[in-house]
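Chemist:
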Amino acid sequence: MLRFPPRRILVAVDFSDASARALRAAKLLARRCHASLEAVYCEAPLTAELFAYGPYAEDRENLRRTVRNLRLRVTGDLPLHAGYGEPATLIARVARRRGADLVVVGTHGRRGLLRALLGSVAESVIRESPAPVLVVRKNFRPPRRVLAPIAEDRDAARGLLAAGLVARAFKARLDVLHVIEDPIFGTNPERLLSARLRRLPKNVRRDTHPTAEVKLGRPVPTILRATRGRDLMVLLARPKSLLGDMVLGTTAERLARFSPIPVLAIPAAASGGGRE
77 MLRFPPRRIL VAVDFSDASA RALRAAKLLA RRCHASLEAV YCEAPLTAEL FAYGPYAEDR
137 ENLRRTVRNL RLRVTGDLPL HAGYGEPATL IARVARRRGA DLVVVGTHGR RGLLRALLGS
197 VAESVIRESP APVLVVRKNF RPPRRVLAPI AEDRDAARGL LAAGLVARAF KARLDVLHVI
257 EDPIFGTNPE RLLSARLRRL PKNVRRDTHP TAEVKLGRPV PTILRATRGR DLMVLLARPK
317 SLLGDMVLGT TAERLARFSP IPVLAIPAAA SGGGRE
């Protein structure tokens, strides 16, 4: 179940500029939502042996030293969880154990071969987190206009409701976008989308003044062009398919990778519910 505004926020930290932006965003949201805030740091093993057998005594001492420096230079009095392992897996585990309603991560915005070699922790967190994940590339500000790309599938209603609840919590306008790659003769996507908006809860429609737009094109570049004039993108993070997504990533992961605005990726299983 989606809980927004969140009550418990978890932010991933290290010593990078991307982490600093994520921490500022998490603190802003915690103040605005009256939520608790905790931090998590992961020391990724450099060898496969550490994955198999765990850190040596020297590595554990290095981790303790890093945690002390993080508390001094980054997190201050925030509760800080730290450990060894795959970063996304540890972040997801801590989020589950602490009952986090929102995970905030920064992204370095890597491109090309460097991103392919190093991967993206943010994209992996989207894949593994039980809670919604806010990916912050630049400085975050409370949104005034929320972009909600939805697909016409069985999860469309839940994705639209989740975006509506988030927009309402921020007192923002809701702009809904449906991208069609291959038009189907005889269908009327504009009418279908308008009908979906009418089925939103009355208070969501009243407070977010939703608009609907249907565009023809490839989903990712079309959605990215639509970010102009919007402050936050809210979308569902669906499970990977077997082949294409193994190479390129899901649509949500690709949008998080390239979007110039923050992306809030909500696990499909958590897209219902909400708080008044």
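Residue numbers (this note's numbering): 77 to 352.
Cβ atoms here follow ideal geometry from the backbone N, Cα and C, with glycine treated the same way.
Quick check on the DSSP output: the beta strand (DSSP E) that includes threonine 287 runs from which residue to which?
Modeler: That run of the beta strand (DSSP E) goes 287 to 292.
Chemist: I'd like the span of the alpha helix (DSSP H) that includes leucine 236, first residue to last.
Modeler: Looking at the DSSP string, the run of the alpha helix (DSSP H) that includes leucine 236 is 232 to 245.
Chemist: Hey, how far is the Cα of leucine 286 from the Cα of glycine 305?
Modeler: Note on residue identity: the sequence assigns proline, not leucine, to residue 286. Taking the straight line from one Cα to the other gives about 15 Å.
Chemist: When you compare only the Cα positions, how much space is there between valine 150 and leucine 166?
Modeler: Rounded to the nearest angstrom, the two C-alpha atoms are 19 Å apart.
Chemist: Could you work out which residue in Thr327, Arg314, Thr263 and Ala238 is closest to threonine 284 when comparing CA atoms only?
Modeler: Residue Ala238 is the option with its Cα nearest to threonine 284.
Chemist: Using alpha carbons as the reference points, say which of Ala96, Arg203 and Ile256 lies closest to arginine 314.
Modeler: When each option's Cα is compared against that of arginine 314, the closest is Arg203.
Chemist: Do leucine 250 and glycine 240 have their C-beta atoms closer together than 8 Å?
Modeler: Yes, they are a contact pair.
Chemist: Look up glutamate 257 in the DSSP assignment and say whether it is helix, strand or coil.
Modeler: Correct three-state label for glutamate 257: coil.
Chemist: Specify the secondary structure class of valine 89 as computed by DSSP and reduced to three states.
Modeler: DSSP places valine 89 in coil when its eight states are reduced to three.
Chemist: According to DSSP, is serine 112 part of a helix, a strand, or is it coil?
Modeler: Of the three classes helix, strand and coil, the one that applies to serine 112 here is strand, per DSSP.
Chemist: Between the Cα of threonine 263 and the Cα atoms of Arg244, Val290 and Arg275, which residue gives the shortest distance?
Modeler: Among Arg244, Val290 and Arg275, the Cα nearest to that of threonine 263 belongs to Val290.
Chemist: Could you say which of Val179, Ala224 and Leu268 lies nearest to proline 295 if we only look at CA atoms?
Modeler: Ranking the options by Cα distance to proline 295, first place goes to Ala224.
Chemist: How about proline 219 and alanine 198: do their beta carbons lie closer than 8 Å?
Modeler: Cβ distance not < 8 Å, so proline 219 and alanine 198 don't count as in contact.
Chemist: Determine whether the beta carbon atoms of valine 211 and valine 339 lie at a separation below 8 Å.
Modeler: Yes, Cβ-Cβ distance for valine 211 and valine 339 is below 8 Å.
Chemist: Can you name the start and end residues of the alpha helix (DSSP H) that valine 197 belongs to?
Modeler: 197 to 204 is the span of the alpha helix (DSSP H), which, as asked, contains valine 197.
Chemist: Are three or more beta carbon pairs between the region 136 to 144 and the region 164 to 183 nearer than 8 Å?
Modeler: No, because fewer than three Cβ pairs between the region 136 to 144 and the region 164 to 183 fall closer than 8 Å, the two stretches do not touch.
Chemist: Taking the beta carbon of alanine 94 as the centre, do at least 16 other beta carbons fall within 10 Å, making it buried, or is it exposed?
Modeler: Classification of alanine 94: buried, given that the 10 Å Cβ count is 16 or more.
Chemist: Once you ignore the five residues that flank arginine 169 on each side, which residues in its own chain have a CB closer than 8 Å to its CB?
Modeler: Contacts found: none.
Chemist: For the putative contact between methionine 309 and leucine 331, defined by C-beta atoms under 8 Å, what is the C-beta separation to the nearest angstrom?
Modeler: Sure, about 7 Å apart at Cβ, within 8 Å.
Chemist: For serine 200, collect the residues of the same chain with a Cβ closer than 6 Å to its Cβ; drop the 5 residues on either side in sequence, then sort them by chain order.
Modeler: Excluding sequence neighbours, serine 200 sits near Ala164.
Chemist: Buried or exposed, going by whether 16 or more other CB atoms sit within 10 Å of the CB of serine 196?
Modeler: The residue in question, serine 196, is buried, as its Cβ has 16 or more Cβ neighbours within 10 Å.
Chemist: Start and end of the beta strand (DSSP E) containing leucine 223?
Modeler: That run of the beta strand (DSSP E) goes 221 to 225.
Chemist: Hey, how far is the Cα of glycine 159 from the Cα of alanine 120?
Modeler: Whole-angstrom Cα-Cα distance: 9 Å.
Chemist: Quick one: residues in its chain with C-beta nearer than 7 Å to the C-beta of alanine 302, no 5 flanking neighbours on either side, listed in chain order?
Modeler: Contacts found: Leu223 and Leu253.
Chemist: For the candidate residues Leu146, Asn145 and Pro208, whose alpha-carbon lies nearest to that of leucine 86?
Modeler: Checked all of Leu146, Asn145 and Pro208; the closest Cα to leucine 86 is Pro208.
Chemist: State yes or no: is the C-beta of alanine 341 within less than 8 Å of the C-beta of aspartate 231?
Modeler: Against a cut-off of 8 Å, the Cβ pair of aspartate 231 and alanine 341 comes out as no contact.
Chemist: Can you name the start and end residues of the beta strand (DSSP E) that proline 297 belongs to?
Modeler: Where proline 297 is concerned, there is no enclosing beta strand (DSSP E), although the alpha helix (DSSP H) it sits in stretches over 295 to 301.
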